[in-house]
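Heads up, the thing below is written out as structure tokens.
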Amino acid sequence: NVQKCAVESIGMIGKYSIPYLKEMVFDSNENNKYLISEAFVKIGSSSIDALIQMLKSKSIVSENLCIAIDALGNIGNQAISPLLILFKGTSTDSYIKLRVIDVLSNICSEQAAEALISLFANGNKDIQYEVVKALIRIGIVPVPALINGLDQSNANSRICIIIVLCEMGDSR
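Going by the numbering used here, the first residue of the sequence shown is number 405, and it counts up by one from there.
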């Protein structure tokens with residue numbers, strides 16, 4: 405597929421292709437959006453600032469926002485902070501928050517687990533339930549962060565953390 409090869413080549417060019425990729429996000433059809441996200445991932449941490457700018461854009465629609473979220477998630481630990489900022493933004497809708505939770509669970513690191521645990525303070529029981537499921541998917545990695553999270557003042561948060569620990573069980 406010519407479009408796939410073009411987007412992959414753009415990703416290999418590096419940070420110089422970022423302005424072009426940002427334009428492609430807004431102008432592309434649905435089939436190319438995944439390829440654009442992959443190009444941002446190929447560029448790596450150099451694309452984080454551009455992706456953050458996309459997240460802050462008032463004119464960005466949910467489907468384009470998901471491209472930035474997915475790309476940040478695939479970049480890994482370096483992108484956790486922008487994802488948390490997006491999640492904690494007051495204007496963020498539930499669909500976007502759920503997407504951020506899913507992406508954080510795919511990073512599968514202790515830093516991502518700590519970020520997920522911080523989301524318990526959201527207070528929304530549906531969001532807390534999704535965080536519980538995400539932490540269980542991560543597995544044994546977040547245990548130290550979960551134990552530290554028991555110090556939270558929110559009772560629901562502590563209950564969710566206990567549920568995660570019970571679901572994970574003893575792996576010995």
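The C-beta atom is built at its ideal place from N, Cα and C for all residues, glycine as well.
Nonlocal neighbours in the same chain, by C-beta distance under 8 Å from residue i, ignoring five residues either side
i, result
"A538", "I505, D506, L508, S509, L520"
"G418", "I447, S450"
"K408", "L439"
Own chain partners of residue i with C-beta closer than 7 Å, once the 5 adjacent residues on each side are dropped
i, result
"S449", "I479, Q482"
"A454", "I422, K426"
For residue i, the three-state DSSP class (helix, strand or coil)
i, result
"V465", "coil"
"L425", "helix"
"Q556", "coil"
"G543", "coil"
"G415", "helix"
"R576", "Residue placement at R576 is flagged as unreliable, the pLDDT there being 47, under the threshold of 50; a coordinate-derived value is accordingly withheld."
N-terminal and C-terminal residue of the alpha helix (DSSP H) that residue i is part of
i, result
"S449", "No alpha helix (DSSP H) holds S449; DSSP gives it neither H nor E."
Which listed residue (the options) has its alpha carbon closest to that of residue i
i, options, result
"I456", "S557, G493, N560", "G493"
"Y420", "I511, F444, G543", "F444"
"S466", "I489, D497, E442", "D497"
"L502", "G415, I489, V568, E534", "E534"
"L569", "A559, L554, N558", "L554"
"G415", "G543, S513, A475", "A475"
6 Å CB neighbourhood of residue i in its chain, flanking five on each side removed
i, result
"K437", "I471"
"R576", "Confidence at R576 is low in this model, with a pLDDT of 47, below 50, so the placement of that residue is unreliable and no value is reported for it."
Contained alpha helix (DSSP H) runs [length at least 4] in the region 451 to 538, N- to C-terminal order: For the alpha helix (DSSP H) assignment, the uninterrupted runs of no fewer than 4 residues enclosed by the region 451 to 538 are, from N- to C-terminal side, 452 to 460, 466 to 479, 484 to 492, 498 to 511, 514 to 522.
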